[in-house]
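Worksheet: the structure to be examined is printed underneath.
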Amino acid sequence: PGTSVFITIHHDRKNYRVEVRVEARERLAGPWGEVETIRVLAVMPFQGIFLNEGNIRVWVTDDERRIPVKMQARVIVGSITALLEKRASVVPRQLS
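Residue numbers for the sequence shown follow this note's numbering, beginning at 30 and rising by one.
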(Lines of atoms letter the chains of each structure in order from A; the text may use other names.)
(Lines give C-alpha, C1' and ligand atoms only; values in the text may rest on other atoms or scores of the structure.)
Protein backbone atom coordinates (compact mmCIF):
# COMPACT_ATOMS: atom_id res chain seq x y z
CA PRO A 30 0.00 0.00 0.00
CA GLY A 31 1.12 3.50 -0.83
CA THR A 32 3.23 2.48 -3.82
CA SER A 33 2.62 4.19 -7.17
CA VAL A 34 3.73 3.49 -10.73
CA PHE A 35 3.14 5.65 -13.78
CA ILE A 36 2.04 4.29 -17.15
CA THR A 37 1.25 5.99 -20.45
CA ILE A 38 -2.17 5.42 -22.01
CA HIS A 39 -3.65 6.69 -25.27
CA HIS A 40 -7.13 8.28 -25.17
CA ASP A 41 -8.87 10.55 -27.70
CA ARG A 42 -5.74 10.77 -29.88
CA LYS A 43 -3.57 11.93 -26.97
CA ASN A 44 -1.07 10.24 -24.67
CA TYR A 45 -1.58 10.66 -20.94
CA ARG A 46 0.60 9.78 -17.97
CA VAL A 47 -1.57 7.80 -15.53
CA GLU A 48 -0.72 7.12 -11.90
CA VAL A 49 -1.63 3.64 -10.67
CA ARG A 50 -1.61 3.69 -6.87
CA VAL A 51 -1.76 0.64 -4.57
CA GLU A 52 -4.34 1.52 -1.90
CA ALA A 53 -4.87 -1.56 0.29
CA ARG A 54 -5.20 -5.31 0.63
CA GLU A 55 -8.76 -6.62 1.02
CA ARG A 56 -10.54 -9.97 1.21
CA LEU A 57 -13.42 -10.09 -1.31
CA ALA A 58 -16.18 -12.64 -1.77
CA GLY A 59 -18.08 -13.16 -5.00
CA PRO A 60 -19.43 -15.82 -7.37
CA TRP A 61 -15.83 -17.06 -7.77
CA GLY A 62 -15.39 -17.60 -4.01
CA GLU A 63 -13.42 -15.63 -1.45
CA VAL A 64 -9.99 -14.27 -2.37
CA GLU A 65 -7.29 -11.96 -1.06
CA THR A 66 -7.01 -8.90 -3.31
CA ILE A 67 -4.97 -5.78 -3.84
CA ARG A 68 -7.02 -2.61 -4.43
CA VAL A 69 -5.44 -0.16 -6.87
CA LEU A 70 -6.56 3.27 -8.03
CA ALA A 71 -5.89 4.45 -11.58
CA VAL A 72 -5.82 8.26 -11.45
CA MET A 73 -6.92 9.42 -14.89
CA PRO A 74 -5.92 12.96 -15.95
CA PHE A 75 -8.96 13.38 -18.23
CA GLN A 76 -12.70 13.35 -17.60
CA GLY A 77 -14.68 11.72 -20.43
CA ILE A 78 -17.79 9.88 -19.14
CA PHE A 79 -16.11 9.35 -15.78
CA LEU A 80 -16.17 11.88 -12.96
CA ASN A 81 -13.17 12.82 -10.79
CA GLU A 82 -10.99 12.89 -13.91
CA GLY A 83 -12.00 9.28 -14.56
CA ASN A 84 -10.49 7.57 -11.52
CA ILE A 85 -11.07 3.82 -11.57
CA ARG A 86 -10.60 1.37 -8.70
CA VAL A 87 -9.61 -2.19 -9.55
CA TRP A 88 -9.30 -5.18 -7.21
CA VAL A 89 -6.88 -7.85 -8.46
CA THR A 90 -6.10 -11.18 -6.83
CA ASP A 91 -3.09 -11.10 -4.52
CA ASP A 92 -1.27 -13.92 -6.31
CA GLU A 93 0.96 -14.34 -9.35
CA ARG A 94 -2.05 -14.21 -11.73
CA ARG A 95 -3.35 -10.75 -10.65
CA ILE A 96 -6.85 -11.53 -11.97
CA PRO A 97 -9.12 -8.44 -11.94
CA VAL A 98 -12.18 -9.50 -9.89
CA LYS A 99 -13.86 -6.11 -9.34
CA MET A 100 -13.81 -2.65 -10.94
CA GLN A 101 -15.57 0.50 -9.78
CA ALA A 102 -15.91 4.02 -11.21
CA ARG A 103 -18.17 7.04 -10.87
CA VAL A 104 -19.92 8.18 -14.04
CA ILE A 105 -22.15 11.12 -14.92
CA VAL A 106 -25.36 9.29 -13.92
CA GLY A 107 -24.03 7.49 -10.83
CA SER A 108 -21.47 4.73 -10.53
CA ILE A 109 -20.53 1.48 -12.23
CA THR A 110 -19.38 -1.68 -10.47
CA ALA A 111 -18.22 -4.71 -12.45
CA LEU A 112 -17.70 -8.09 -10.76
CA LEU A 113 -16.06 -11.15 -12.26
CA GLU A 114 -18.81 -13.77 -12.53
CA LYS A 115 -16.77 -16.84 -13.35
CA ARG A 116 -13.29 -17.84 -14.33
CA ALA A 117 -11.91 -20.67 -16.42
CA SER A 118 -9.11 -22.82 -15.11
CA VAL A 119 -6.44 -22.15 -17.68
CA VAL A 120 -3.04 -23.75 -17.40
CA PRO A 121 -0.44 -21.14 -18.37
CA ARG A 122 1.90 -22.18 -21.14
CA GLN A 123 5.57 -22.49 -20.30
CA LEU A 124 7.84 -19.84 -21.76
CA SER A 125 11.01 -21.12 -23.38
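Glycine residues also receive a C-beta, built at the ideal position from the N, C-alpha and C atoms. On a predicted model such as this, the values are computed, not experimentally measured, just so you know.
Here the C-alpha atom of E48 lies approximately 19 Å from the C-alpha atom of R42.
In its chain, beyond the 5 residues on either side, A71 and A102 have a beta carbon closer than 6 Å to the beta carbon of I85. Within 10 angstroms of the beta-carbon of T110 lie fewer than 16 other beta-carbons, which makes it exposed.
Note on T32: under 16 other CB atoms within 10 angstroms of its CB, so exposed under the neighbour-count rule.
Residue pairing by DSSP places E55 opposite T66 in a beta bridge.
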